[in-house]
Structures are given as C-alpha cells and as structure tokens.
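Protein chains in written order, with the numbering used here: chain A, 3 to 352; chain B, 3 to 352; chain C, 3 to 352; chain D, 3 to 352. Down below is the structure, laid out as structure tokens.
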C-alpha cells in the first residue's frame, strides 16, 4: 500500500465516456495515482457508479463540470474529451500539469494538415509544438521528457507498430501499403447514434470512411517519418460486431530483397524485450480476443502467394493499447514510474 | 397451386447440414419442386424437424441413408455433401438425373490442380469434364445446357462477380489483386469443432487459412479465364462473429487509364437487368446485413488514396448466393424455370 | 401476377422504423397489396433505399410527411408510429380507410387504464371504442369485421397465446402467473439511445422495467377477460443480446387437478389447424431462432419439480408475429384475403 | 515482489479448459502462488500458449498428463477436471495437498443424492465426508479449516448468495422459489458440441435442462440447510448468446410480514463489508456485464405487482465468482492469505 503523499493527484476530463471508464478501470489499482477529479459535463453531479455501474464499488470523487476543477490540486490530467474540443481546454491548463491527451487534437504535428482534415484552424498551435506523439515503443525517449503527450489513435497504433520498423529497415515499399482494418464498436464512443445501435451492428460487417477516415493523416505522418519521404496509404476501416479489438491486415510489397521471414525477424528484433508487443512465430495468427482487456499488441507476418508481397497482421484492444492503456504507459514514462505499472492484467478470454 | 405432376421429384443429399437446411427453406415454396428424398447419414431415420426444428412444420420425407435413395424416383439431385466425398457419389448417379453439386469437388476443371490442393487424385475425372461451373450471371448459357453443375464456393462467388467483368474489360491489373474477405461462421458448416464454438468466435476477429485457403485456386481459375493469362491473387479470409454473410474488400490496381468511376460503370452495365446483383452508386457501401437471407449481391467501387488504385466491395449471404440460393438459381436454369423462382424473399434486417 | 386494379392501395405511416421496414419486407410480394404511400417525417423526401438499404431494390414511393398523404388514394393504412402520437392521427383519418395500428394507443379498451399507465388522457376515446384487439388466433371473428385493429404488443402476444386458453380452461391459477420474458433489441425501435448501443447490449443480459413495464396492463387485460375476474401478473422483461425474438418463460400453478400434460393437450387442441402456432411435444423446447423472420409461434409445456406447478415456454419473432406479421395477418382477415397470404416465409436459421 | 520460497507450489489439473485458463489468468499475478504443474491430457506436451494464445506471454510449465505430476513437489492443487472423473483422482492424492475442486463431484454431501442425479455410485465417499462446500461468504469459517474444498457451481452460487440469507431470516417462503437463470455459453466448457457452435447460439435464446438440470440438487441442498426443512425449487436455466455471465431472476413469496425492502435490508446487512458482494439500492438492476471478468456478485430486490411476492436479481461472472475466482478466494482462505488476493481486477466493460 502506498501513502497518499506518494500518489500523484490525477484528473480525468471526460470520465463519462468509454475511454474515461477504461482509464479508471486501469488506474484504480495504480499504486502511485490518486483519482482526484473526474469531469463529465452532461453527468456533472452524478456518482460514477450511476454512469458506469461496473465501477460502482470504487471510492471516487463525484463527476463535475470541467470549469469546477481545481487545477492547483492536480498533478496530472488525462483528457478524454471529444475531438475538436480539447485544444482550447489544453491551451488553458496551468503549466505545472502533466497532460496525456487521448483526443486527436494534438496528434498531427503540422497544423495545416489538421486544418485540412478537420475543417477548421487549430486552436492551440503553441501547445501543438510542445506535444509529443505517444506511440510508446517507438518514441520512448521523447515521451519521458514530455509535458503534453498526444496519445495515438487506435487504428494508427495497430498500423504503425508493425509498419514503422519495416519502413525504417527499407524492407517494404512505401508506395503500396494497404491497411484493411477491422474494429469493434467501442471505438465509436458512447454517443447515441443510430449507426451504432445493437440491431444495426450485430450479425454483419461493412466498410466505412472508405478513403477518407481521419486516422489516415495520422498514419501517413508516422509512416512518412519512418520512410523519410511522403507516404500515402490505403486505409480501409471496417466495423465488426464486437465491442473491443482492432485487427489490421496489412498488405505490403517487399523491398530490398527481403522475404516475409526477414520482416518477421526485423519486428522480433525491434520488439524483443518489450512487455506489451509480441511477434508470433511463422504460421500463427493473432486474434483480437487474445488481447482483450490488455495492453498487448500481437503481430504476425506471412508470405503472400503473389510473388514479392507479404501479409502483416496486428491486433490490439482499441480501448487499451489503442487508448487508455497506452495513455497510462505514457504517464508512467512521463512521471518516472515503471512503464508497466497498473497494466499487468492478462487478457480476458473467453 | 401446382399439381404434383408438374413438380420435379427432387432429392437433397446431405440435408442435415446448414446448406441442406437452406435448400429446404428456399425450395419449400418452389411451385415446380417436390422434395422427395432427403439424406443425412448420421441422422437417418429422423424427421427433419428433429434436426432442424425451424423447419418442423413442413411435411417432408424422413431422413435416410444415401444408399436407401431410389434414384429412379427422382428427377433432380442437390449434393450438399462434405468436400471430397461427393466425387464417387456423383460418378455413380444414373444418367437421367440433373445434378447440382454444392461441394468443391467439381469446381476445378483441371484435375491436376484439384490433386495439388486436396492432396489426392480426383475420383471422377469423367464427370469433371461434364461439369459446368455455376456462377450464374457469368455462365448462364452453359448452365442452361448442363446436366451437372458445380456450384461455386461462397468466397469465389463474392470475389469473381465483381472481378471477372473488370478483368475482361482490362480496367484492372491482373498482377496485383488483393482480396481481404470476411465471412460469417456458418460457412464452416455444422460440424462440432472447437474453433467454431460460440465462446471461441464471439467478440473477436482473426484471419485464417492465410495464403493457403482452398478457395484460392477456384478464384484464380475464374480470374485466369477472364484475364486470358495466369492470375495469382492474394486471398486472405477472416472469421467474423456473425452467422451469415461475406464481405470481400478487394484492392486493385487500375489499368488502361480507367478510373474508379469507370470500374463502377463497367459493373453497372454488366449487371444491368440482373435480378440479384446490384451496383451501388458512388459513396454507398454495402453491408452484409443488407443481403441476409436473400440471393442478392451488392457491390461498390471507390477510388483509393493511393494514385492508380481502387477499392471494390462485394457482399453476399454465404448460404444463399454463396450456396443454396445460387444452386436453386442454377437448377431453375437447368430445368427451364424462371431464374428467380423461389428466390424472391427480401433480405431480413435487422 | 395480379392486376393493379386487384390490389388495395396501402399506406404505411412510420415506414422509417424497424416495424415499418418489416411491413414492407413482408408486403412487397403480397399479391393484393400495392404500397402506395410511405411516411417518415424526419426522412421525408428520401427514397426508402437510403433509409433501409436492404430494401433498395424495391420500386416504392418516396417517403413523405404524414400531412402530404392523399387519403382518398388509399384503401388501407398501417400505423407504425410511436406510442402516444397515433391517437390523434387515427382520429383524423377518413372513415373509408381500414386501419391496422401497431402502436400501443388503442390496445387498452379502458381509457382510464390507459391514462394511468401513460400519464395523459386518451386523445381519441371514440376511436378506441371501435378498435378491435388483434390477437388473431383468439379474436378472429371480431377482427374480420373490424375497421380499426389494435395490433397487440410483442410481449403480450407471446404471453397471451399460451395463457388465454389455459385460463379459459381453468387449468391454471389466475393468482400466481409469473412471466419472465426475454427480448431482442429491435423491440426498442431504431431511435438512437445509449441503452441500445451495441457496446451496451452485447455480451450481457439484464432485466428492465421491473414491475412497471407498459405491456403489463395489456397482458392483464387479456388474462382478466380469459379468467373472468381481475388478474394481476408478474411480468419481468429482460434484454438479450440479439436483434429479434421473444421467449416468455411462464411459471404457473396448476388448477382443477390438471397436469402439465393436460395443459399441453389443451393448447394443442386449441391451436390444431392453425398455420402459425405450433405446440411442441413433451420434452422439446422452443428456441427464438426457430421462428426468426417468420410469423410462427412455438410453445411447450413442462412439469415443474415443485408439485402443482408447470412451466410454459413460448417464442415468437417480435417484429413478425409480435408486430408486422400479425398486422398483415389481421389485414388479410379485415380485407377477406387468405390469412396466411404473404406470410409463408420459412424461419431463417442459422 | 515475492521470493520463490514464499510461494506455494501450485498445480492445476485440467488446465486446457476454460476454467483452467481462468485460474491461470487470475493466479498469474498472485504474489504467493507459483504455477508449478499444469495438466491437460489431450494436450500433454504442448505449451499453454498453443492451447490458449492469450496466455502465451506467461512463463509457465508445459502441459503434462496427470500421471506425470510429481505430487511431492506441490502444495496446492486445483482440480478443473470434467464432472465424474474427479472422484478417483482426488481419492488418490497424497494427504499433504490442499485441494480446491471445481467439479461437481464433491458438492453433494449426501452420496445417495449424488448417485440419483449422476447415475452411478460415488467413487470417493471418504473424501466426500471431508469436503467443505466452498460458498465463501456463507461458509468462511469451515473453508478456512478445510483441506478439500468443493467449489460451488456457477448457477448455485448466483442463486444461493441471495436466497440463503432470506430463508434464514424466514422472510420468504421455502415452498415457492422460482429461479429463472440465464447463462453465457462458456459455462458449457470448451468441448466441441454442435449445440454450442456459434451459429447455433447467436441471435437467439432458449431454455434447457428444464426441471432436470444437475445444479438443482446442489441448490436445493443449500436452501434446505438454510430453511431447516426440505426445499424443492423451480430452476430453469436458459442459454444466452454471450460468453460469460449468469443472471438469476428469482421469484419468491414473502413470509413473516416482510416486504421487498425488508429483503433488501437483510441482504445489505448480511453482505456489508464483503469485498465481492454488493446489494444495489432500490430501483437499480444488475447487468451481467457489470461483473464481467471480476469476482463480484451484484444483487437487487424489487416488489412484485402480485401482492405478497418479490423479485430478486443476482449476477456473477460464471467463470470467476462462479468458478475460478471463488476457487482462488477459497484457496486464499485455506492458505491464510488475504481473501481478495489476486482477485482485485475491476470488471471489464464494455
């Protein structure tokens, strides 16, 4: 047991959404974190157990409006607010706060790209300059020095973890990357939308956001950096009748004489020693259900029947490694804690 | 109402599997069909309602062993037997019978390719020569003259319906076709296998048969014929937590100066007037749940963000257009009935 | 094929909800119905295929606002409008129209009971007097003479079909009826509500509306009439992660010396010859998936281990026998068509 | 971090089933447990990660046959073997071992009742005498002194936790207890059976084992002890399309002038201070998804509309509080560890 004085006073802005609930689930047992403030504007004045009964046994502060938070009484803030609303909030936060932002607002380093994809000028360009992109395994050193971490999107996490090392190794072509991604429904949040009703989602599958999903520029930004030249990808997300999980099936053209086995070896070497990333042996395929509820990423590589091509498969839990788990991993780095703290749960199967 | 004498005496071999049940569901109201014999070896002696309670209200013959069928009392036979067991059965059937085979046994015209993928020599090479591949919209004339129809696989149907016209039009490259397919679980049949248990399938997705699924040579056979030269494809199937439905997300490279709009126009023209194939307007995406329980195939085309590439989406119900429905469509052709007879049901949604 | 002049000009008010879509699915092939008007206020001006892509192949009128309907051009109207809004609409309809109302507005014959459960006075008490409760198998004669049919609720249909004959036969006690009902999510409609999101419903079950669901007075009204004295029941609905289906597990105390076998015999006799109701033999249990997509009701009776008690199980598809199917069955009666017309589809399984 | 010497050398017999996997998931971080032996007869020689890939990152012993276990090298054994096979195994275990048996073999204290329900004589009547029934919250003292704990069944846990205190308080009648239970599919185990295939279970619900499920005598044994006289119950289990979770909806007759509020107060008092049992306030209903993956039990009480009756609702995760979690809770008691050790995970939602 840790003394209260050893714990960072931590706030979660947007605690009434799925990402907020997942942060609380994972942080509830963190030995160095005290959950001191929870906001949820529409739910202000309610106990968290009314909004998320599965957490009703925890002793937590009431939900408040964001303007009622006492920032001086906090050390760390997680922002789990809707995309587009976070910029002004973050710009107004006092300088002593460490910030882990789970929205898309600070992920694109070029505010012109942001403006193009989101249809309005970025509202906090100064903060944007300070933000570090929080793909933990690939940006560990920068994250450890950051005050503001832009936590990656779920799809971009699942795509970049395998692709960045392969592009850096020049073992795949940068011009022919096809990412067919499949996601559970929780990625769409808890907002009441017809498209996400049970009867609209169960017993079927479909593509959406074809050739224009907002995670595309985030993926391209990371791959462009890895390749050292502009990368344009095919990214086609699909909605699967499941709550959690992302599978990215990635089709790549081999380069530099590499084989599928070479790709697997590159990834295995890059992620050797990582607590959360595991490269499967030849012949094994990852299932999203193998990582459910955990911060794990599993990946695999197979040769294609088309000569000179390979298939890369990558799975994460979109709410954990794709959101709350990676956010905590980043906070652990920012605050100097062991990176795996509070993220040790095994996956839940079945 | 039709007189008994106007009805073809019809047998279903393998009526105790999902495909057999689906044939019965659809044929039960066919005005020119009398279901005269049903076999199900392990279930011989049972009423169909014991095996499939949802059909328990129908007045049907008992399930028998295949050796107890009186072939002289039949005009038409559907074979819904397991792959590999059908060849010898079909070879032994009397010549007066029309045969619609739903197994994979007669789909590959080259018995050497069969031997390679199935690991044993074909047992009925003479019958194989006679077999007509039953992709109805693309082989209508040959099917109408056939005695033995090899009904296509579910994946191959969903992939070839959009790809064959595009290859014939030389609007896509034959060297770079990536078929990321997603299927419901009923495609795996009713056999008791751990991998298909509810708790193994729900709330997750995974690829399987990566680069070695047996539907691959069937797809390549059709595309090779369309392209006029050997075609090798990437075909990567995935198992989705749903009972029915196949979505093929197909990534193609444009050829001959064609655009995505050109591809859509080609498909729209080719399938204009078809009762069961519908090409969606630009911007629309097909869901598998839009065709559930029906013989429909919906397809769509979108431009890729990678210059010179396009995305083709195609959905069917694997048990209907991917199996029993197309089989009946073919029987209607073989027997001279209106092609849509008994296939008029609307999709069931939600 | 039927001539246009043989077809009743039919309108569906509220065609943009699940019940409306289901009416269209089933009526699309009705030989005596022409779908002449479809309303959907928020969707006015759209084609039905934009709202329900699974019906996009049908040649149907555009969705309009209800005030734009030309009542003189219609013979029959289905009202699939939200509860509470239907009374004023129906009161204003011209007298030549036959009306099948699928809302709850005209189901309670006593407007005082309506006011108590719905919290406001009934807005069309005169029309209420005219309304006939449309539980087809039990009210056939009255329905055939009706102009306005109040189509029963889904839960009340599943509960009353088995219970009314047993109460009339005085084989069960009227004082101790416990109805534990389980429903799919489509019963809650297509409105965007957090509680019906996929991620809120999948992989779990819960009771709701405990001891105060609005279908309770409807059930009690029917049972009171059958028993000849006031009946109060336990009715506890549960939400199941499935789109369609209702299972009512009903726990009864035997009366008059009857056994479970006697109950089964009473039901079998009562429903002998019915096209849509089937009483299963001892030992069999009905699954909701055995009736999916069909107008069937399956029921079973088992002895309880508690002496003097029995268990009655009843399943329907909530959107068919529990809504659109029974509505069409009633329209067929009202209009003098064969009762099963357009309702012949077999259940869809798996 | 704990030294190896502080850890109990622990074996899991039957580690290749769902219950075995769940034990490993929960024990993997137990500070006083070393997983020293895992058996799985059909899987002997495999690594656990081949059988359960979600646990592939753990450093665990290979799966062996049960006859290859070195009992001297173990301190504690969990038996997660199939029902009926455990008796002889347990009878042969050396006396120094603490045993937590998760099968049904030692749950019925009267071997005559066992013989009646299981159709054969009990094979280890001496061990049966020693066994303590492990319903932790109700048998804590006896469990703490036990060498052999018979871990309760999932349904019996969910039913007895609320019913035993109410019967002891004489606030409900012992003659009229109706338990309508709903379970996820994992309760049926990982064996390949047609009835548990995805396509057989999804999108539907049905009762099974009506009036003859083997958990009935276990429930009646506990309630008989609580009531002080023989109790016969209605117990009707239903299969729900979900992997995990049990909801028992229990219909009771009030006794001794008690009200529903009194029942709730009795339960709240009885379980005050319990880490895993929570009685919800009036008006709240428990969802199985609120306890998923956790050792929690939530319960609620509501007044019935039938005078003199009440409704009791209780939820658990069948694999945790209904199996592996309670087993660990019992082991903690038996071994003198804090009862909640290794069971602190929050529920996983969505």
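Where a beta carbon is used, it is the ideal one built from N, C-alpha and C, also for glycine. Quick caveat, the model's predicted, so the values are computed rather than measured.
CB contact flag (residue i, residue j, <8 angstroms)
i, j, result
"residue 138 of chain D", "residue 335 of chain D", "yes"
"residue 221 of chain B", "residue 290 of chain B", "no"
"residue 318 of chain A", "residue 310 of chain A", "no"
"residue 65 of chain B", "residue 17 of chain B", "yes"
"residue 307 of chain B", "residue 218 of chain A", "yes"
"residue 179 of chain A", "residue 165 of chain A", "yes"
"residue 187 of chain A", "residue 200 of chain C", "yes"
"residue 87 of chain D", "residue 103 of chain D", "no"
"residue 241 of chain A", "residue 203 of chain A", "yes"
"residue 41 of chain B", "residue 67 of chain B", "yes"
"residue 350 of chain A", "residue 275 of chain A", "no"
"residue 156 of chain D", "residue 320 of chain D", "yes"
CB contact check: residue i to chain A, cutoff 8 angstroms
i, result
"residue 283 of chain B", "no"
"residue 328 of chain D", "no"
CB contact check: residue i to chain D, cutoff 8 angstroms
i, result
"residue 339 of chain A", "no"
"residue 331 of chain A", "no"
"residue 3 of chain C", "Because residue 3 of chain C sits at a pLDDT of 47, beneath the cut-off of 50, its placement in the model cannot be relied upon, and the point is left open."
Residue i at chain C interface by Cβ criterion, 8 angstroms
i, result
"residue 158 of chain D", "no"
"residue 266 of chain D", "no"
"residue 33 of chain B", "no"
"residue 193 of chain B", "no"
"residue 205 of chain A", "yes"
"residue 30 of chain B", "yes"
"residue 84 of chain B", "no"
Segment limits, beta strand (DSSP E) that includes residue i
i, result
"residue 11 of chain D", "10-15"
"residue 198 of chain B", "Per DSSP, residue 198 of chain B belongs to no beta strand (DSSP E) and is neither H nor E."
"residue 240 of chain A", "236-241"
Closest residue to residue i among the options (Cα-Cα distance)
i, options, result
"residue 96 of chain C", "C:77, C:198, C:29 and C:84", "C:77"
"residue 265 of chain B", "B:51, B:224, B:169 and B:189", "B:169"
"residue 83 of chain B", "B:23, B:298, B:224 and B:214", "B:23"
"residue 236 of chain D", "D:315, D:215, D:326 and D:152", "D:215"
"residue 141 of chain B", "B:283, B:272 and B:36", "B:272"
"residue 301 of chain D", "D:155, D:79, D:32 and D:267", "D:267"
"residue 135 of chain B", "B:112, B:125 and B:120", "B:112"
"residue 46 of chain D", "D:19, D:109 and D:297", "D:19"
"residue 55 of chain D", "A:320, A:328, A:330 and A:288", "A:288"
"residue 298 of chain B", "B:279, B:314 and B:283", "B:279"
Min CB distance residue i to chain B below 8 angstroms
i, result
"residue 198 of chain D", "yes"
"residue 20 of chain C", "yes"
"residue 105 of chain D", "no"
N- and C-terminal bounds of the alpha helix (DSSP H) containing residue i
i, result
"residue 35 of chain A", "No alpha helix (DSSP H) contains residue 35 of chain A, which is instead part of the beta strand (DSSP E) from 35-41."
"residue 59 of chain C", "It is not in any alpha helix (DSSP H) - residue 59 of chain C carries neither H nor E in the DSSP assignment."
Proximity test, residue i beta-carbon vs the ligand NAP heavy atom, cut-off 7 angstroms
i, result
"residue 181 of chain D", "In terms of ligand content, the structure shown is empty, and the ligand NAP therefore cannot be addressed."
Quick check for students: name the residue ranges of the alpha helix (DSSP H) that lie wholly in the segment 127-158 of chain B, counting only runs of 4 or more.
127-132 and 138-146
Runs of 3 residues minimum, wholly inside the segment 81-113 of chain A: which ones carry the beta strand (DSSP E) assignment?
100-103
Ignoring anything shorter than 4 residues or poking outside the segment 247-315 of chain C, list the alpha helix (DSSP H) runs there in chain order.
262-273
Considering only residues of the segment 167-192 of chain C, which uninterrupted beta strand (DSSP E) runs meet the minimum length of 3 residues and lie entirely inside it, listed in chain order?
As far as the segment 167-192 of chain C is concerned, its whole beta strand (DSSP E) runs of at least 3 residues are 180-185.
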